[in-house]
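In this note's numbering, the protein residues as written are 14 to 81. Beta carbons: idealized from backbone N, C-alpha and C, even for Gly. Right, one structure below, let's go through it.
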């Protein structure tokens, strides 16, 4: 009869891998991040008549129906 094969991935190997992954995650959290790119120039504010949010009658009706 042939000898039974042992599992290739043992319990110790799993715990060692989990410990290594945890150590890498902790190191990544502690290390400083790279500098962000400078923020882009701020765009000019849109004019007041640009068609933004308006409280029209159908919006008021929706709010009234949603409250009930």
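In chain order, what residues of the same chain have a beta carbon less than 7 Å from the beta carbon of residue i, not counting five sequence neighbours either side?
i, result
"residue 30", "none"
DSSP on residue i, reduced to helix/strand/coil?
i, result
"residue 24", "helix"
"residue 46", "coil"
"residue 80", "helix"
"residue 64", "coil"
"residue 16", "coil"
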